[in-house]
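> Before I ask anything, let me first share the structure, which is written out below as C-alpha coordinates.
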Amino acid sequence: MIATTVRYRDAEFIAYDLVIEVWMLEVARQIDADAVLAPWPDEIRKEWRIQATSGFGFGPSPALDKFVDSQQRREQLACYFRKALQSLTQLGSVLSPAELARSGVGGNQAIYTRGLPTPLVIEVGEQFLALIS
559 MIATTVRYRD AEFIAYDLVI EVWMLEVARQ IDADAVLAPW PDEIRKEWRI
609 QATSGFGFGP SPALDKFVDS QQRREQLACY FRKALQSLTQ LGSVLSPAEL
659 ARSGVGGNQA IYTRGLPTPL VIEVGEQFLA LIS
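Heads up: take any position in the sequence shown, counting from 1, add 558, and you land on this note's numbering.
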(Lines of atoms letter the chains of each structure in order from A; the text may use other names.)
(Lines give C-alpha, C1' and ligand atoms only; values in the text may rest on other atoms or scores of the structure.)
Protein backbone atom coordinates (compact mmCIF):
# COMPACT_ATOMS: atom_id res chain seq x y z
CA MET A 559 0.00 0.00 0.00
CA ILE A 560 1.11 3.54 -0.72
CA ALA A 561 0.88 6.16 2.03
CA THR A 562 -0.07 9.83 2.01
CA THR A 563 0.64 12.60 4.49
CA VAL A 564 -2.56 14.31 5.66
CA ARG A 565 -2.00 17.90 6.82
CA TYR A 566 -4.04 20.56 8.53
CA ARG A 567 -2.41 23.78 9.60
CA ASP A 568 0.83 22.79 11.34
CA ALA A 569 -0.10 19.19 12.16
CA GLU A 570 0.02 16.03 10.07
CA PHE A 571 -0.13 12.25 10.06
CA ILE A 572 0.64 9.54 7.53
CA ALA A 573 -1.78 6.79 6.51
CA TYR A 574 -2.28 4.30 3.71
CA ASP A 575 -4.09 5.69 0.66
CA LEU A 576 -6.78 3.02 0.60
CA VAL A 577 -7.64 3.63 4.24
CA ILE A 578 -7.85 7.39 3.65
CA GLU A 579 -10.06 6.83 0.60
CA VAL A 580 -12.43 4.56 2.54
CA TRP A 581 -12.60 7.20 5.29
CA MET A 582 -13.24 10.03 2.81
CA LEU A 583 -16.03 8.03 1.17
CA GLU A 584 -17.67 7.30 4.53
CA VAL A 585 -17.57 11.00 5.46
CA ALA A 586 -19.09 11.83 2.06
CA ARG A 587 -21.92 9.37 2.84
CA GLN A 588 -22.56 11.09 6.16
CA ILE A 589 -22.73 14.46 4.41
CA ASP A 590 -25.15 12.89 1.88
CA ALA A 591 -27.41 11.91 4.77
CA ASP A 592 -27.60 15.50 6.03
CA ALA A 593 -30.99 16.94 5.07
CA VAL A 594 -29.89 20.57 5.56
CA LEU A 595 -26.77 21.03 3.51
CA ALA A 596 -24.82 24.27 3.25
CA PRO A 597 -22.75 24.80 0.08
CA TRP A 598 -19.33 24.10 1.60
CA PRO A 599 -20.05 20.60 2.97
CA ASP A 600 -21.46 19.73 -0.44
CA GLU A 601 -18.20 20.89 -1.99
CA ILE A 602 -16.08 18.70 0.29
CA ARG A 603 -18.52 15.79 -0.22
CA LYS A 604 -18.15 15.98 -4.00
CA GLU A 605 -14.38 16.41 -3.88
CA TRP A 606 -13.80 13.59 -1.40
CA ARG A 607 -16.14 11.21 -3.26
CA ILE A 608 -14.31 11.89 -6.53
CA GLN A 609 -10.92 11.35 -4.92
CA ALA A 610 -12.05 8.16 -3.18
CA THR A 611 -13.64 6.54 -6.23
CA SER A 612 -11.78 7.78 -9.30
CA GLY A 613 -8.63 5.67 -9.07
CA PHE A 614 -6.36 8.53 -10.10
CA GLY A 615 -3.27 6.48 -9.31
CA PHE A 616 -1.81 8.97 -6.86
CA GLY A 617 -2.55 9.66 -3.21
CA PRO A 618 -5.71 11.35 -2.02
CA SER A 619 -5.54 15.01 -1.01
CA PRO A 620 -8.17 15.83 1.62
CA ALA A 621 -7.20 19.55 1.39
CA LEU A 622 -8.37 20.27 4.94
CA ASP A 623 -6.81 23.76 4.91
CA LYS A 624 -8.89 24.61 1.85
CA PHE A 625 -12.19 23.37 3.27
CA VAL A 626 -11.82 24.01 7.02
CA ASP A 627 -11.04 27.70 7.33
CA SER A 628 -13.26 28.69 10.25
CA GLN A 629 -14.29 27.44 13.67
CA GLN A 630 -17.85 26.84 12.42
CA ARG A 631 -16.63 24.66 9.55
CA ARG A 632 -14.26 22.79 11.85
CA GLU A 633 -17.13 22.02 14.25
CA GLN A 634 -19.46 20.95 11.45
CA LEU A 635 -16.86 18.69 9.84
CA ALA A 636 -16.02 17.21 13.26
CA CYS A 637 -19.71 16.32 13.58
CA TYR A 638 -19.59 14.47 10.23
CA PHE A 639 -16.38 12.75 11.34
CA ARG A 640 -18.07 11.54 14.53
CA LYS A 641 -21.04 10.22 12.54
CA ALA A 642 -18.67 8.41 10.18
CA LEU A 643 -16.81 6.88 13.12
CA GLN A 644 -20.09 5.71 14.63
CA SER A 645 -21.14 4.19 11.30
CA LEU A 646 -17.83 2.36 10.94
CA THR A 647 -18.12 0.85 14.41
CA GLN A 648 -21.38 -0.79 13.25
CA LEU A 649 -19.56 -2.71 10.52
CA GLY A 650 -17.81 -6.02 10.86
CA SER A 651 -14.17 -6.32 11.79
CA VAL A 652 -13.07 -6.47 8.14
CA LEU A 653 -14.38 -4.82 4.98
CA SER A 654 -14.33 -7.72 2.53
CA PRO A 655 -12.86 -7.46 -0.98
CA ALA A 656 -16.43 -7.59 -2.33
CA GLU A 657 -17.53 -4.72 -0.07
CA LEU A 658 -14.54 -2.63 -1.13
CA ALA A 659 -15.26 -3.31 -4.81
CA ARG A 660 -18.97 -2.46 -4.40
CA SER A 661 -18.13 0.81 -2.65
CA GLY A 662 -16.24 2.05 -5.69
CA VAL A 663 -13.17 2.95 -3.64
CA GLY A 664 -10.09 3.12 -5.83
CA GLY A 665 -12.07 3.35 -9.05
CA ASN A 666 -13.62 0.79 -11.36
CA GLN A 667 -10.25 -0.76 -12.18
CA ALA A 668 -9.39 -1.53 -8.53
CA ILE A 669 -9.07 -5.20 -7.65
CA TYR A 670 -9.11 -6.29 -4.02
CA THR A 671 -7.66 -9.66 -3.09
CA ARG A 672 -8.01 -9.19 0.66
CA GLY A 673 -10.15 -7.26 3.05
CA LEU A 674 -9.38 -4.09 4.95
CA PRO A 675 -9.56 -4.21 8.76
CA THR A 676 -12.25 -1.80 9.89
CA PRO A 677 -10.23 -0.76 12.98
CA LEU A 678 -7.59 0.66 10.62
CA VAL A 679 -10.19 2.94 9.03
CA ILE A 680 -11.52 3.92 12.46
CA GLU A 681 -7.99 4.76 13.61
CA VAL A 682 -7.45 7.01 10.60
CA GLY A 683 -10.84 8.63 11.20
CA GLU A 684 -9.83 9.34 14.78
CA GLN A 685 -6.62 10.91 13.48
CA PHE A 686 -8.64 13.13 11.13
CA LEU A 687 -10.85 14.17 14.05
CA ALA A 688 -7.85 14.90 16.28
CA LEU A 689 -6.22 16.89 13.49
CA ILE A 690 -9.09 19.37 13.21
CA SER A 691 -9.99 19.47 16.91
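We treat Cβ as the ideally placed atom computed from N, Cα and C, and that holds for glycine. Bear in mind that the values here come from a model prediction, so they are computed numbers and not experimental data.
#1: Going by C-alpha distance, which of A659, A656, D600, L576 is nearest R587?
#2: When the Cα of P618 is compared with those of F686, A610, G665, which residue comes out closest?
#3: Between the beta-carbon of A635 and the beta-carbon of V679, is there less than 8 Å?
#4: Figure out for me which residue from I690, R603, T562 has the closest Cα to the Cα of R632.
#5: Quick check on the DSSP output: the alpha helix (DSSP H) that includes V585 runs from which residue to which?
#6: Taking G673 as the reference, which of E681, L687, L653, E684 has the closest Cα?
#7: Kindly indicate which residue of S661, L687, T671 has the alpha-carbon position closest to the one of E579.
Well, looking at it:
#1: Reading the sequence shown from its first residue, position 29 is the one you call residue 587. Selected option, being the one with the closest Cα: D600.
#2: In the sequence shown, the residue the question calls residue 618 occupies position 60. Of F686, A610, G665, the residue nearest in Cα terms is A610.
#3: Taking the first residue of the sequence shown as 1, we reach residue 635 at position 77. Taking the first residue of the sequence shown as 1, we reach residue 679 at position 121. In the sequence on display, residue 635 carries Leu and not Ala. Cβ atoms of L635 and V679: not closer than 8 Å.
#4: Sequence index remark: in the sequence shown, residue 632 carries index 74 (1-based). Comparing Cα positions, the closest option is I690.
#5: Here residue 585 refers to the residue found at position 27 when the sequence shown is read from its first residue. Counting along the chain, the alpha helix (DSSP H) containing V585 begins and ends at 575–590.
#6: To locate residue 673, count along the sequence shown from 1; it is residue 115. Nearest of E681, L687, L653, E684 to G673, Cα basis: L653.
#7: The residue given as residue 579 occupies position 21 in the sequence shown. Closest by alpha carbon: S661.
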